[in-house]
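Structure, as structure tokens:
Number of protein chains: 2
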Amino acid sequence: MQAALFDTFGTVVDWRRGIAREVATLFERHGVTDLDPFAMADAWRARYAPSMAEVRAGRRPFVPLDLLHRENLEAALSLCGVDPAIFPSEELDALNLAWHRLDPWPDAIEGLTRIKARLIVAPLSNGNLRLLLDMAKRAGLPWDAIMGAELVRAYKPDPEAYLGSARLLDLDPSEIVMVAAHNDDLAAARTCGMRTAFVLRPHEHGPGQNTDLAPEQDWDFVAADLCDLAAQLGA
Amino acid sequence: MQAALFDTFGTVVDWRRGIAREVATLFERHGVTDLDPFAMADAWRARYAPSMAEVRAGRRPFVPLDLLHRENLEAALSLCGVDPAIFPSEELDALNLAWHRLDPWPDAIEGLTRIKARLIVAPLSNGNLRLLLDMAKRAGLPWDAIMGAELVRAYKPDPEAYLGSARLLDLDPSEIVMVAAHNDDLAAARTCGMRTAFVLRPHEHGPGQNTDLAPEQDWDFVAADLCDLAAQLGA
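Chains A and B supply the protein sequences, listed in that same order. Taking my numbering, the leading residue of the first sequence gets 289, the next gets one more, and so forth. Taking my numbering, the leading residue of the second sequence gets 289, the next gets one more, and so forth.
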């Protein structure tokens with residue numbers, strides 16, 4: 289095994305608390321009191337998959353996730369009964385960058401640092417390069433390279449997202465372990481010939497999470513967190 | 289200014305000594321005594337620009353630099369009067385990766401580390417992603433991301449190499465300073481709207497170097513090395 293590629297949102301960083309924190313600041317500034325910031329974070333994230341599906345289906349050319357996030361922000365506000373027009377658009381632009389400022393789970397930096405001593409470590413995320421770069425620089429994530437959907441112009445779980453990333457690393461997919469807290473991501477990676485590591489993140493979606501609470505296939509590794517994965521990889 | 293992008297071969301790493309060292313090892317193993325390893329390094333490097341010119345001119349689709357280096361290795365041996373067929377092809381494959389194992393100039397790591405505290409730092413090199421990643425991991429180059437020709441499928445000085453890199457960073461070219469020891473690289477970057485920093489590397493081509501000994505335009509910065517550049521950037 290030569291490389292470990294990591295899903296990022298949910299697997300390495302806690303998007304829900306980070307987004308809710310910045311939503312709360314905006315809502316306080318504008319006196320919005322009838323929408324829970326966590327509900328808004330969930331609504332924003334709920335539009336993530338359908339917005340990428342348009343690109344995956346070829347109904348829309350590839351655009352970076354920052355742009356999808358910005359469109360989804362206004363759509364989610366409207367769906368939650370808050371008129372996006374009450375906010376200056378520069379403030380929505382600034383909130384959109386909250387995805388660049390997410391905090392890692394407590395085990396992430398130690399786990400990645402240990403795995404980096406044995407393998408190439410890089411994100412294989414649907415986030416665009418600048419988003420992942422800003423996130424890493426702020427949080428100190430020790431990636432060897434910033435990879436992901438934008439470099440191969442394909443969103444996971446499109447096979448090209450996995451196969452194109454393997455080509456950029458000049459590796460056979462079997463030399464790569466895909467690390468994710470999401471069974472569907474690992475299923476797609478396995479179909480492409482990658483090895484797979486499931487990391488338990490039972491609070492990614494908050495206290496009521498009812499998805500990805502357990503492995504749904506016999507993944508090559510199942511880990512409680514990234515330090516546990518490092519230990520299993522002998523790192 | 290938001291980002292500093294660095295030419296790599298010659299500006300950050302000393303390709304000539306690194307290549308000659310590994311050529312010497314191969315030649316010793318096979319009893320080749322009539323070709324100076326430094327002359328072979330120079331001959332190999334001399335085919336670099338013409339091989340990329342085929343891609344830039346559209347006469348050949350984009351291929352990663354590792355492949356051009358591999359072809360150029362055999363061509364350079366032949367030109368120097370050494371039959372490449374005397375070496376097992378696996379040994380030439382291994383030598384080809386010498387470009388992944390180049391040492392940084394003595395000031396490079398300190399200079400990059402200081403500049404990284406103020407700006408995004410990344411290579412904007414014609415090297416492919418895996419080459420630059422291996423180089424950084426071995427030498428400890430503290431890049432925020434691995435960028436370069438392969439991500440935008442255009443070799444410098446094609447304007448797309450500079451403009452595509454700026455797009456990936458979601459920056460206007462004027463927010464980027466291109467750092468290079470080569471006047472032609474900076475001239476192309478300036479045409480694309482980037483700021484420019486010339487770093488003196490008077491021994492890149494050995495004791496007889498007669499190119500790039502001085503700035504040929506009024507570059508925004510002229511620096512003795514990367515620590516001097518860090519100081520000029522207030523880093």
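Beta carbons: idealized from backbone N, C-alpha and C, even for Gly.
Candidates the options: closest to residue i by CA position
i                : options                                       : result
aspartate 354(A) : Met289(A), Thr401(A), Gly399(A) and Glu438(A) : Glu438(A)
serine 462(B)    : Arg478(B), Phe350(B), Ala337(B) and Leu488(B) : Arg478(B)
glycine 319(A)   : Pro430(A), Ile374(A), Leu457(A) and Ser366(A) : Ile374(A)
arginine 426(A)  : Thr401(A), Arg333(A) and Asp391(A)            : Asp391(A)
proline 430(A)   : Ile397(A), Ala442(A) and Gly436(A)            : Ile397(A)
glutamate 378(B) : Leu361(B), His470(B), Leu474(B) and Ala410(B) : Leu361(B)
alanine 433(A)   : Ala449(A), Pro445(A) and Ser453(A)            : Ser453(A)
tyrosine 443(A)  : Gly415(A), Leu501(A), Asp460(A) and Cys368(A) : Gly415(A)
threonine 313(A) : Arg344(A), Ala386(A), His470(A) and Ala523(A) : Ala386(A)
alanine 449(B)   : Arg344(B), Pro372(B), Phe486(B) and Ala485(B) : Arg344(B)
aspartate 322(B) : Ala475(B), Ala485(B) and Cys368(B)            : Cys368(B)
alanine 515(B)   : Ser413(B), Trp393(B) and Leu412(B)            : Checking the displayed sequence, the identity of residue 515(B) turns out to be cysteine instead of alanine. Checking every option, the nearest Cα to that of cysteine 515(B) belongs to Trp393(B).
aspartate 302(A) : Ala363(A), Asp395(A) and Ala337(A)            : Asp395(A)
alanine 327(B)   : Val370(B), Gln520(B), His470(B) and Leu521(B) : Val370(B)
valine 300(A)    : Ser413(A), Arg333(A), Ala364(A) and Pro325(A) : Ser413(A)
leucine 451(B)   : Pro325(B), Gly481(B) and Gly428(B)            : Gly481(B)
Chain A contact for residue i (CB, 8 Å cutoff)
i                 : result
arginine 335(B)   : no
isoleucine 434(B) : yes
lysine 425(B)     : yes
isoleucine 464(B) : no
leucine 439(B)    : yes
Own chain, CB closer than 7 Å to residue i, minus 5 neighbours either side, in chain order
i                 : result
alanine 329(B)    : Arg304, Ile307, Ala308 and Val311
methionine 289(A) : Leu407, Glu463, Val465 and Arg483
leucine 501(A)    : Pro490
leucine 421(B)    : Ile434
alanine 475(A)    : Gln505
proline 325(B)    : Ala308, Val311, Ala312 and Phe315
tryptophan 507(A) : Leu474, Thr484, Ala485 and Phe486
alanine 364(B)    : Met328, Ala331, Trp332 and Arg335
CB contact check: residue i to chain B, cutoff 8 Å
i                 : result
arginine 418(A)   : yes
aspartate 458(A)  : yes
threonine 403(A)  : Checking the displayed sequence, the identity of residue 403(A) turns out to be isoleucine instead of threonine. False, the Cβ-Cβ gap to chain B never drops below 8 Å.
leucine 421(A)    : yes
isoleucine 408(A) : yes
Residue i versus residue j: straight-line alpha-carbon distance, rounded
i                    : j                    : result
serine 366(B)        : alanine 331(B)       : 10 Å
aspartate 513(A)     : histidine 357(A)     : 27 Å
leucine 380(A)       : arginine 489(A)      : 29 Å
phenylalanine 315(A) : leucine 383(A)       : 11 Å
glutamine 525(B)     : aspartate 472(B)     : The question about residue 525(B) has no answer, for chain B in this structure spans 289 to 523.
methionine 435(A)    : proline 376(A)       : 33 Å
aspartate 460(B)     : arginine 347(A)      : 29 Å
phenylalanine 509(B) : leucine 293(A)       : 38 Å
histidine 560(A)     : glutamate 359(A)     : Coverage of chain A is limited to positions 289 through 523, which leaves residue 560(A) absent and any answer about it impossible.
alanine 468(A)       : phenylalanine 297(A) : 9 Å
proline 352(A)       : proline 372(B)       : 45 Å
proline 503(B)       : valine 487(B)        : 9 Å
alanine 341(A)       : leucine 417(B)       : 28 Å
proline 495(A)       : aspartate 446(B)     : 52 Å
threonine 499(A)     : histidine 470(A)     : 8 Å
arginine 317(B)      : aspartate 295(A)     : 45 Å
alanine 337(B)       : alanine 337(A)       : 44 Å
glycine 428(B)       : glycine 428(A)       : 15 Å
Own chain residues within Cβ distance below 6 Å of residue i, not counting five before or after
i                : result
alanine 518(B)   : Gly399, Arg402 and Ile403
histidine 388(A) : Leu419, Asp422 and Met423
Same chain only: Cβ atoms within 8 Å of residue i, ignoring 5 sequence neighbours per side
i                    : result
phenylalanine 456(B) : Reading off the sequence, residue 456(B) comes out as leucine, not phenylalanine. Excluding sequence neighbours, leucine 456(B) sits near Met435, Leu439 and Val440.
alanine 405(A)       : Ala523
alanine 291(B)       : Leu407, Ile408, Val409, Ala410, Leu457, Leu459, Glu463, Ile464 and Val465
serine 339(B)        : Leu356, Glu359 and Asn360
proline 349(B)       : Val343
alanine 511(B)       : Ala485, Phe486, Val487, Leu488, Leu517 and Gln520
Residue i beta carbon near the ligand HEM (any heavy atom closer than 7 Å)
i              : result
proline 349(A) : Although the ligand HEM was asked about, the structure shown includes no ligands whatsoever.
In chain order, each alpha helix (DSSP H) run of at least 4 residues that lies wholly inside the region 399-483 of chain A: 417-427, 437-440, 447-456 and 471-479
Uninterrupted alpha helix (DSSP H) stretches inside the region 311-347 of chain B (no shorter than 4 residues): 325-334 and 336-344
In chain order, each beta strand (DSSP E) run of at least 3 residues that lies wholly inside the region 340-390 of chain A: Fully contained in the region 340-390 of chain A is no beta strand (DSSP E) run of length 3 or more.
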